[in-house]
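So in my numbering, spot 75 of the sequence shown is number 105, and the numbers just go up one at a time.
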Amino acid sequence: MSISHQKQIANAFGIDEKYIKTIIKFIPSIKQSKVEYEIVCCSGPRCAKNGSMEVLKTVKKELGLDFNETSSDGKISLRTQSCFKKCKDGPNIMINGKFYHHMNKDKTIEVLRNIK
Ligand code: FES
C-alpha cells in the first residue's frame with residue numbers, strides 16, 4: 031500500500047496516518063510501499079503491438095528514471111510487468127494499483143504530470 035493511499039484512507043476515516051501504518055504491520059498480506067507512487071508499465075507482447083514501446087520511452091523520459099529505479103527523493107518507483115491480463119485495453123500502465131488504459135505518448139505525459 032502506497033504512502034498516498036495510506037494518506038487517503040486516513041483522511042477518509044478522519045484518523046492519524048500512524049493508525050493505518052499500525053494496521054498494515056498486523057496484516058501480513060498488506061505490504062507497505064516505501065514510495066508514494068509505484069508505476070508499473072506493461073511490457074507484454076500484445077501491448078507492444080499496440081504501441082507500448084512509445085509509452086515506455088515516454089514514461090522513462092518524463093520521470094528521468096530507468097526501469098527498476100526509484101527517484102532520488104524516494105517518491106516514485108518504476109518497473110515493468112510482462113502482462114496485466116488486460117491486453118484488449120493496452121497499452122496499459124498502473125499507478126498505485128489503478129490502471130490507465132489505451133495509453134499513448136500524450137496521455138502518458140498528462141497522467142504523469144498530474145502525479146508530480
Ligand atoms: S500485454 Fe499488456 S496487458 Fe497483456
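Backbone N, C-alpha and C fix where the C-beta goes; we use that ideal spot for every residue, glycine too.
Source: prediction; values computed, not measured.
CA-to-CA distance, residue j to residue i, given in whole angstroms
| i | j | result |
| --- | --- | --- |
| Ile106 | Ile39 | 20 Å |
| Ile57 | Ser63 | 14 Å |
| Cys117 | Asp136 | 20 Å |
| Glu68 | Gln111 | 12 Å |
| Ile145 | Ile123 | 14 Å |
| Ile53 | Gly104 | 23 Å |
| Glu47 | His35 | 10 Å |
Closer than 7 Å: residue i CB and nearest ligand 1 heavy atom
| i | result |
| --- | --- |
| Asn122 | yes |
| Met115 | Checking the displayed sequence, the identity of residue 115 turns out to be Lys instead of Met. Yes - ligand 1 has a heavy atom lying nearer than 7 Å to the Cβ of Lys115. |
| Gly74 | yes |
| Cys71 | no |
Whether residue i touches residue j by CB criterion (8 Å)
| i | j | result |
| --- | --- | --- |
| Val65 | Thr100 | yes |
Contact set for residue i: own chain, Cβ-Cβ below 8 Å, skip 5 residues either direction
| i | result |
| --- | --- |
| Tyr49 | Ala40 |
| Phe129 | Phe114, Lys116, Asp119, Asn122 and Ile123 |
| Asn134 | Gly81, Glu84, Val85 and Pro121 |
Contact set for residue i: own chain, Cβ-Cβ below 6 Å, skip 5 residues either direction
| i | result |
| --- | --- |
| Ile33 | Glu66 |
| Arg109 | Val70, Phe97 and Asn98 |
Close beta carbons around residue i, own chain, < 7 Å, minus the five adjacent residues each side
| i | result |
| --- | --- |
| Arg76 | Cys117 and Gly120 |
Kindly provide the ranges of any beta strand (DSSP E) runs that are 3 or more residues long and lie completely inside the region 43–105, ordered along the chain.
-> Counting only runs of 3 or more, we get 67–72.
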